[in-house]
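Below is one structure, written out as structure tokens; comments come after it.
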Amino acid sequence: MPELPEVETIVRSLRDGGQFGPSVLGRRVDAAYVDWPRTIAEPEAESFQGLILGRSITAVSRRGKHIVLHLDEGFLVIHLRMSGDLRVEEAFDAAGEAVPFRKHDRVGLTFHDGYRMVFHNPRKFGRMWLTDNTRHLFKKLGPEPLDDALTREDFFIMLQHHKRQIKPLLMDQTFLAGMGNIYTDEALFAARIHPLTISHQISAEQAGVLLEEIRAVLQEGIRRNGSSIDWAYRGGTFQNEFQVYQRTGEDCPVCGTEIERIVVGQRGTHFCPHCQPLL
DNA sequence: CACGTCACCTGCGTGC
DNA sequence: TGCACGCAGGTGACGT
């Protein structure tokens, strides 16, 4: 469930407490459980278990789709990829017995006060890095779409610098950090831009509209606590606002034309052929 | 540089 | 019921 709005929702819950459990701030790691060692991208999984012990979480932030737990020494960075999920829960039952981990729980960090944070990750794509410095992880990431420092003019110039199909370009994390399949389809629909449009051919005015629509769908996604679909229910409600995503064959909410599905860059892509003509 | 393909994984819905 | 297949919110490594 991981695009920018879902990651931001999790970050806020980890920081402030919320629908996914209490805050992790101030909690100290007392024990580490690793079910799938490849989850630990850095350092080696064996050394990770010892190195994380005794460290406390002092802040929680986000960069693109990465969750950043700031520790009193270093950082724990988490990427959920396709199917990752975090929850914070009590690690022991009333009798003091450890609550068993669930199927697909890959990593568990038990805190000094009896709570734990669990990384649930059915498809095993998600990764964690325990590192003293995050620079090497983020150096290639593009700007944050919600950062006001990114202007419409900047965005137009960025588009002019590439001759690529707009959809894969928006999903390229080195171009812009945080967009995924859902919010890209929704933003392109809102901006009335065909997903195969070559970035280079988008006018300055259209670029401005696109940036604003990207921000609008991301902000609405955050406001609704992200999207919940199928197996990965997270309590979000943005799925109820989808205009085109997963609505193949249904009527376009604007003009009534049937929503089409094509494949772009190996990803299912949904758009209205009438509202989003390929110029 | 841009794009297609495959790989990494598991689970679910569909159609035969 | 069983089974093959296609599909899924992501990304990185290749080859052309």
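Per numbering that gives the first Met the number 0, the very first residue in the first sequence carries number 0; after that it's consecutive. For every residue, glycine included, the Cβ atom is placed at its ideal position computed from N, Cα and C.
Coil, strand or helix - residue 106 by DSSP:
Residue 106 falls in the strand class under three-state DSSP.
Tell me the DSSP secondary structure of residue 199 in three-state form.
Three-state result, residue 199: helix.
If you draw a straight line from the alpha carbon of residue 45 to that of residue 86, how long is it in whole angstroms?
Going from the Cα of residue 45 to the Cα of residue 86 covers about 23 Å.
Meets three-Cβ-pair contact criterion under 8 Å: the stretch 59 to 79 and the stretch 127 to 144
yes
Please report how far the alpha carbon of residue 223 lies from the alpha carbon of residue 120, in whole angstroms.
23 Å
Across the stretch 90 to 104 and the stretch 156 to 173, are there enough close Cβ pairs to call them in contact, namely three or more that are closer than 8 Å?
no
I believe residue 237 touches residue 249 by the beta-carbon criterion, under 8 Å. Please report the beta-carbon distance rounded to the nearest angstrom.
Between residue 237 and residue 249 the beta-carbon gap is near 17 Å, outside 8 Å, which marks them as no contact.
Beta-carbon separation (whole angstroms), residue 6 vs residue 80, contact threshold 8 Å:
About 11 Å separates the two Cβ atoms, so there is no contact after all.
Could you round the C-beta distance between residue 108 and residue 31 to whole angstroms and report it? I think they count as a contact, below 8 Å.
Yes, residue 108 and residue 31 are in contact; Cβ-Cβ is about 6 Å, under 8 Å.
Mapping the DSSP letters down to three states, classify residue 157 as helix, strand or coil.
Residue 157: helix per DSSP, three-state reduction.
Less than 8 Å separating the beta-carbons of residue 263 and residue 195?
yes
Using a threshold of 8 Å, state whether the C-beta atoms of residue 273 and residue 258 are closer than that.
no
Near residue 17, which residues of its chain fall below 7 Å by C-beta distance, leaving aside the five closest residues on each side in sequence?
So the qualifying residues of the chain are 11.
Rounded to the nearest angstrom, what separates residue 213 and residue 247 at their Cα positions?
Rounded to whole angstroms, residue 213 to residue 247 spans 21 Å at the Cα level.
Answer with buried or exposed for residue 152, where buried requires no fewer than 16 other C-beta atoms within 10 angstroms of its C-beta.
exposed
Buried versus exposed call for residue 37 [16 or more other C-beta atoms within 10 Å across all chains shown]
exposed
Cβ atoms of residue 182 and residue 2: under 8 Å apart, would you say?
yes
Would the beta-carbon of residue 178 fall within 8 Å of that of residue 169?
Yes, the pair counts as a contact, with Cβ atoms nearer than the cut-off.
For residue 254 and residue 199, the rounded distance between their alpha carbons
Distance between residue 199 and residue 254, taken at the CA atoms: about 27 Å.
Looking only at DSSP bridge pairs, what is residue 268 linked to?
261
What are the boundary residues of the beta strand (DSSP E) that residue 127 is part of?
126 to 130
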